[in-house]
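Encoded as structure tokens, the structure appears first; notes follow it.
Numbering (our numbering), first residue to last: 1350 to 2066.
This is the structure:
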């Protein structure tokens, strides 16, 4: 018993020793060690053998021996010998018991702990012997073979359990490895997603930063462009101001130069005026001739007034001696003095001329009294001879010239126009710039409205008519942006009337000749102006007869000594340095003027107060009758008759009816053969047109209204 007690105390001491506490290392797999590395050493007892040892310890030696024998009776002697050898090699039974008790205390699944424990027991044999009693322990004798068999089976069972544990551990390890691989794969995927997310965040932050930088760059560029634009605008404004200042400076300099030039021009004019006045004043000095023709009192008054005018001009010139230019008032005073001096000269010359004429008349009266009786007899003889010649010509055939009344009317119109042209000679040939400028403005005001006449609308014709009427009535009209009036000059009204009539005829010569329909709007305006201002109508006829004598009708005879070119001008041809114009151009101009004349005859200004045209259809009948009473001229007579009848034939037909058709029949049957007789083969175009017109008119007993005639609806447009 004491030995058994010591044995158990020894085992308890071994349990409590530091070396009995086998450590468990959880990092064996990380080091690559085998989990059963500690179990591959020498053979050792199973932890369950501790149960046997406990039972043996609780029984007496004899019982224990019998127990071992009964339990292991079937075991082989070899196994028993092996156990015995093992026991003898270890030293004593208590060592085995102590080792088994220690192993039994450890968990069966922890193979490493078991291996460590066996190693501890082997290494600490000496320590255990020291702890135990100094007396030698009694050895246990294993007498029963069954006990040994049981021990072997226990060992086999433990080996089986160990293999199962290895397999379970291996499966668990594989599961663990799969789990670790799955976790690693999941973590890798999560790490990739995290890296992608972080990369996305980084790109987004980069894109945001870049967008912000782009916006800031654009804003900066916009601000720079705005600043540049403002700078350009300021520079433009500054340049404009500089340019305006430069232009203002140049303008002021130009005005100053102009003022200096005008001043110098006025000074030259003033010197010229003074020179002319001094020269004219010398003419006022009494001479031997003037003393004979004029009384002394008249000469003295003229000389005194001339000296006064010279003093006035000298006073004006004296002001300029100080370096100043004469003003407009000074020039007005000097010009007025010059005009008055000229008037004095004219007055003196007129008085001298009157005195001389009076003397001549007295002398001529004496001679006329002597010749009067002889002249009366001679004139009576000439009249009788001329009357006889006319009667003979009428009996033989047609006339070669117009009637005396027609020629007288023609000459009166020409003389009236010539007197009018002479009356505004000073305005027509101005010497000073101001009068020249006024002349140009008046001429534009008279000619431009006539050039604007067209058949576009009646309201436009009314505006043109009102503008011309205002100008002739002395009211101001705007021409070229300036106001002009006939009251600005004493000769302005005659000038405007003459030029206006000339422009009307020129429109017929050019515009109507190219476009036949243009005759009617021009004629209706001319008729309205003629009604309100008869002088314009007289001048219009004078210009028309001068450029187209066939409108009289009149065939001017060629006088002796008259050059051929001059005679062609009298007949209406244009003659210049290149020669005489062609026949086609001549006939075209004559046709245009006759068409205009035929339109004026039948038209009346619709807003006038008088009945009919101021130069009515009776003049058209007279012209047609006189044309048929005169010998025809090749190519001219046929052309003018066709143009006149085409324009005015419908109006004459409505007015004179049967008498008109008699005249047309006379023209076709008797006068037309005369036209054919004087017409050559190359001039038959106009003859054929006239023949077709006459045949068509007589066949239909009607003449169609002319093309381009203004209708009643035209004046409402």
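Every residue gets a Cβ at the ideal spot worked out from N, C-alpha and C, and that includes glycine.
Asked, Found
"Counted within 10 angstroms of its Cβ, other Cβ atoms place residue 1615 as buried (16 or more) or exposed", "buried"
"The region 1824-1834 / the region 2020-2028 touching (three or more Cβ pairs under 8 Å)", "no"
"For residue 1831: DSSP bridge partner residues", "1828"
"Residue from 1867, 1619 and 1703 with nearest C-alpha to residue 1674", "1619"
"Whole-angstrom distance between residue 1839 and residue 1696, CA atom to CA atom", "20 Å"
"Same chain only: Cβ atoms within 6 Å of residue 2028, ignoring 5 sequence neighbours per side", "1983 and 2036"
"Of the residues 2049, 1873, 1994 and 2063, the one placed nearest residue 2055, counting alpha carbons only", "1994"
"Nearest-angstrom Cβ-Cβ length linking residue 1662 and residue 1692, presumed shorter than 8 Å", "That pair is no contact at about 15 Å."
"CA-to-CA distance, residue 1782 to residue 1587, given in whole angstroms", "41 Å"
"Pair within 8 Å by beta-carbon distance, residue 1966 and residue 1861", "no"
"Rounded C-alpha distance that separates residue 1903 from residue 1773", "29 Å"
"Within 8 Å, strictly: CB atoms of residue 1962 and residue 1950", "yes"
"Residues that residue 1861 bridges to, as DSSP identifies them", "Bridge partners of residue 1861: none, in fact."
"Cutoff 8 Å: residue 1990 Cβ touching any chain D Cβ", "The structure shown contains no chain D; it is built from a single protein chain."
"Residues bridged to residue 1924 (per DSSP)", "1929"
"Rounded straight-line distance, which links the Cα of residue 1607 to that of residue 1913", "52 Å"
"Distance between residue 1857 and residue 2060 (C-alpha atoms, nearest Å)", "21 Å"
"Limits of the alpha helix (DSSP H) - the one that residue 1501 falls within", "1494-1632"
"C-alpha gap between residue 1714 and residue 1702, whole angstroms", "17 Å"
"Three-way DSSP call (helix, strand, coil) for residue 1979 in this model", "strand"
"Short Cβ contact (8 Å threshold) for residue 1997 with residue 1969", "yes"
"Residue environment, residue 1886, which counts as buried when at least 16 other CB atoms sit within 10 Å", "buried"
"Distance between beta carbons of residue 1794 and residue 1847, contact taken as under 8 Å", "That belief does not hold up - the Cβ atoms of residue 1847 and residue 1794 are roughly 14 Å apart, past 8 Å."
"Boundaries (first-last residue) of the alpha helix (DSSP H) holding residue 1954", "Neither: residue 1954 is in no alpha helix (DSSP H) and is coded neither H nor E."
"Contact belief for residue 1901 with residue 1759 at Cβ below 8 Å, rounded distance in angstroms", "5 Å"
"Residue 2047 to residue 1895 span [Cα, whole Å]", "34 Å"
"Delimiting residues of the alpha helix (DSSP H) encompassing residue 1790", "1782-1800"
"Helix, strand or coil at residue 1361 [DSSP, three-state]", "helix"
"Straight-line gap, residue 1502 to residue 1493 (C-alpha atoms, nearest Å)", "15 Å"
"Buried versus exposed call for residue 1925 [16 or more other C-beta atoms within 10 Å across all chains shown]", "exposed"
"Separation of residue 1556 from residue 1524, as counted between CA atoms", "46 Å"
"Residue burial classification, residue 1688 (beta-carbon count within 10 angstroms, cutoff 16)", "exposed"
"With 16 other Cβ atoms within 10 Å as the buried cut-off, status of residue 1938", "buried"
"For residue 1992, the first and last residue of its enclosing alpha helix (DSSP H)", "1985-2005"
"Cβ-based burial, residue 1485 [other Cβ within 10 Å; buried from 16]", "Here residue 1485 scores only 44 on pLDDT, less than 50, and its place in the model should not be relied on; the value that follows carries that caveat. Answer is exposed; the Cβ neighbour count stays below 16."
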